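Undergrad: Residue numbers (this note's numbering): -18 to 57. Glycine residues also receive a C-beta, built at the ideal position from the N, C-alpha and C atoms. Since we're looking at a predicted model, the values are computed, not measured.
1) Of the residues -5, 8 and 42, which one's Cα is nearest the Cα of residue 31?
2) Which same chain residues end up closer than 6 Å to residue 17 when comparing Cβ atoms and leaving out the 5 residues on each side of it in sequence?
3) Which value, in whole angstroms, describes the spacing of the CA atoms of residue 7 and residue 14?
4) Cα separation between residue 27 and residue 21?
5) For residue 56, collect the residues of the same chain with a Cβ closer than 8 Å to its Cβ; drop the 5 residues on either side in sequence, then sort them by chain order.
Right under this line is the structure:
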């Protein structure tokens, strides 16, 4: 499994963004990852990936971009 944050820049100029994500089972935190400020080109996407982990139970992920919560995913 792997957590990721996707940032879309709809502006007409470069935008700098930082992102954060985690991975958790129902009872255990598996890791936290952050991607420092990075330029996202005008009208484009940027993806920040966490580490790839092997896990046999369901996990979910919480994320944020520019300190704004992106919510929590369902367990998959």
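TA: Short version:
1) 42
2) -1
3) 19 Å
4) 6 Å
5) 7, 39, 40 and 41
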